[in-house]
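Residue numbers (my numbering): 1 to 535. Ideal Cβ placement from N, Cα and C applies to all residues, glycine included. Bear in mind the structure is a predicted one, so any value in this text is a computation, not a measurement. Only one structure is covered here, and it is reproduced in the block below.
Take a look at the structure:
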């Protein structure tokens with residue numbers, strides 16, 4: 001049961017953006033030599049908002065607060081807009097739901113997918129189509145159009161009712177292999193699963209322990225499953241147009257069959273089912289394993305401790321996940337969006353919200369390049385995670401890593417540092433140089449993530465440009481049945497998969513497990529997901 005590849009929403013917009021990345025920032029600036037959004041109001045405007053405490057901690061300078069800080073003062077000085085925060089709560093969703101029920105809502109606030117639909121159905125939101133078209137900067141529009149599939153989830157009948165905050169962007173999970181062991185084994189990056197198995201058996205002998213790092217959550221194996229054309233945790237569209245959960249397909253059974261053999265061969269740690277993420281990380285840094293799957297940021301999560309312990313030559317480098325057939329893998333992308341910025345239909349100045357968002361993306365993407373601010377000035381807006389202090393107005397440039405990658409490659413190839421148009425690109429470039437020339441351990445993350453086509457972002461860039469990404473058939477809103485049953489159903493499968501891998505149950509148990517999954521709520525969820533996907 002192979003997934004039908006629905007790339008058009010993601011890849012055509014994103015690939016076009018990536019191909020033009022080298023000229024993107026310059027083009028945006030050229031078009032907006034005198035952007036309308038920068039015009040300040042003649043008389044002061046006040047916008048009210050609310051916010052949660054947030055998952056990311058940020059710290060104000062002495063004397064500053066949520067309502068009076070570098071960002072809010074800039075909104076006042078540049079746009080003549082005062083942002084007033086009515087309340088801050090660690091129970092944001094609960095308090096916001098109460099406000100929604102009473103109708104006591106601020107001018108602008110952030111909602112999740114379910115709240116967005118409720119507010120749309122109740123007619124409580126401002127239609128942002130015209131103000132976005134008139135006041136949205138070219139930079140903001142380029143950021144959102146690069147994620148057209150996400151932007152569409154904020155529309156009803158082609159009218160825009162929210163601004164998606166987006167996310168850090170799409171980074172497919174890759175295979176990471178310990179480089180000194182690969183050299184000792186005289187192996188190239190594997191193209192097939194058989195070649196990978198041979199490498200893993202060789203690494204097991206070198207480590208004296210095991211070779212492939214996986215813990216109790218099975219994530220490292222779930223990401224590897226694309227090698228068998230399996231997509232666990234992913235709603236994939238079949239040829240008849242219906243959606244099926246990737247964890248219960250025949251391809252998943254084939255993967256589990258091989259993983260059971262790998263366990264018997266000692267490729268996995270015998271007690272992997274008892275390992276949390278910290279234990280897996282420790283095994284990596286202790287040199288007990290030489291392979292795992294992870295996104296491009298491996299160096300920041302595992303790399304520093306690993307090279308400190310095992311040496312710079314032991315650094316892990318990424319490669320594409322091999323496949324059973326040797327054909328290039330196709331990678332899944334689930335829906336991801338940090339939230340939706342919405343405006344109360346009673347807001348007197350909805351365009352002020354767009355202008356503030358414009359200013360935010362300008363500071364983080366273009367103010368350094370156009371010479372308005374120095375690198376040191378830009379840093380003030382981001383140090384101590386201050387870019388999160390203005391959460392009700394934040395939109396993430398999800399292609400920024402790829403834009404940065406193109407700049408860095410050009411600078412590395414030519415030595416011309418003038419092409420580094422953002423402070424972030426300059427920081428990464430010099431980090432790569434320090435790793436390559438001095439083996440500065442603190443810079444391993446820069447190198448494995450951005451240094452050339454062999455890096456995490458370099459490989460991801462190629463995957464996207466080759467249109468080898470498949471979008472989840474469940475995009476945006478989730479049905480209530482999935483919210484209610486989803487975690488329990490996933491636990492049923494995970495526990496059953498562990499039994500199969502560890503040999504406690506024969507592979508034939510997979511069919512029984514799938515039946516149990518359907519009976520425990522999987523059938524109800526599958527029907528609900530399919531109903532929602534056809535709306």
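{"Item": "Ordered list of beta strand (DSSP E) runs contained in the region 48-97, each at least 3 residues", "Value": "81-89"}
{"Item": "Exposure label - residue 372; buried when at least 16 CB within 10 Å", "Value": "exposed"}
{"Item": "Segments of 4+ residues assigned as alpha helix (DSSP H) that fall wholly inside the region 390-431", "Value": "400-414"}
{"Item": "Range covered by the alpha helix (DSSP H) that runs through residue 264", "Value": "250-264"}
{"Item": "Alpha-carbon to alpha-carbon, residue 346 and residue 107", "Value": "7 Å"}
{"Item": "Sequence-distant residues of the same chain with beta carbon closer than 8 Å to residue 303, five excluded per side", "Value": "315, 316, 444, 445 and 448"}
{"Item": "At least 3 beta-carbon pairs within less than 8 Å: the region 385-402 vs the region 56-72", "Value": "yes"}
{"Item": "Ordered list of beta strand (DSSP E) runs contained in the region 340-386, each at least 3 residues", "Value": "340-343"}
{"Item": "Secondary structure of residue 100, DSSP reduced to three states", "Value": "helix"}
{"Item": "Paired residues, beta bridge with residue 332 - DSSP", "Value": "470"}
{"Item": "Start and end residues, alpha helix (DSSP H) containing residue 515", "Value": "509-517"}
{"Item": "Nearest residue (CA-CA) to residue 459, options 506, 338, 294 and 493", "Value": "294"}
{"Item": "Alpha-carbon spacing of residue 226 relative to residue 500, whole angstroms", "Value": "19 Å"}
{"Item": "Reference residue 113, options 483, 513, 174 and 235, closest by Cα", "Value": "483"}
{"Item": "Contact set for residue 223: own chain, Cβ-Cβ below 6 Å, skip 5 residues either direction", "Value": "173 and 293"}
{"Item": "C-alpha distance - residue 207 paired with residue 288, whole-angstrom precision", "Value": "6 Å"}
{"Item": "CA nearest to the CA of residue 178, picked from 525, 170, 189 and 169", "Value": "189"}
{"Item": "Residue 291, DSSP secondary structure in three states", "Value": "strand"}
{"Item": "Limits of the unbroken alpha helix (DSSP H) element including residue 181", "Value": "179-185"}
{"Item": "Given 8 Å, three or more beta-carbon pairs between the region 184-200 and the region 247-254", "Value": "no"}
{"Item": "Residue of 528, 276 and 472 minimising C-alpha distance to residue 231", "Value": "472"}
{"Item": "At least three beta-carbon pairs within less than 8 Å, the region 491-507 to the region 257-265", "Value": "yes"}
{"Item": "Same chain, Cβ closer than 7 Å to residue 339, neighbours up to 5 away in sequence not counted", "Value": "110, 111, 112 and 165"}
{"Item": "Contacting residues, own chain, Cβ-Cβ under 7 Å from residue 392 (five flanking each side not counted)", "Value": "49, 51, 108, 109, 110 and 341"}
{"Item": "Closest residue to residue 481 among 520, 509 and 495 (Cα-Cα distance)", "Value": "520"}
{"Item": "Opening and closing residue of the beta strand (DSSP E) in which residue 243 lies", "Value": "243-245"}
{"Item": "Own chain partners of residue 350 with C-beta closer than 7 Å, once the 5 adjacent residues on each side are dropped", "Value": "126, 128, 131 and 343"}
{"Item": "Counted within 10 angstroms of its Cβ, other Cβ atoms place residue 161 as buried (16 or more) or exposed", "Value": "buried"}
{"Item": "Nearest residue (CA-CA) to residue 296, options 102, 176 and 307", "Value": "176"}
{"Item": "Presumed contact (8 Å Cβ cut-off) between residue 139 and residue 365, rounded CB distance", "Value": "6 Å"}
{"Item": "CA nearest to the CA of residue 181, picked from 442, 412, 291 and 405", "Value": "291"}
{"Item": "Distance, residue 463 Cα to residue 272 Cα", "Value": "31 Å"}
{"Item": "Where the beta strand (DSSP E) containing residue 193 begins and where it ends", "Value": "Not the beta strand (DSSP E): residue 193 falls in the alpha helix (DSSP H), residues 193-207."}
{"Item": "CA-to-CA distance, residue 488 to residue 470, given in whole angstroms", "Value": "26 Å"}
{"Item": "Residue 438 (DSSP reduced to helix, strand or coil)", "Value": "helix"}
{"Item": "Residue 147 versus residue 337: straight-line alpha-carbon distance, rounded", "Value": "10 Å"}
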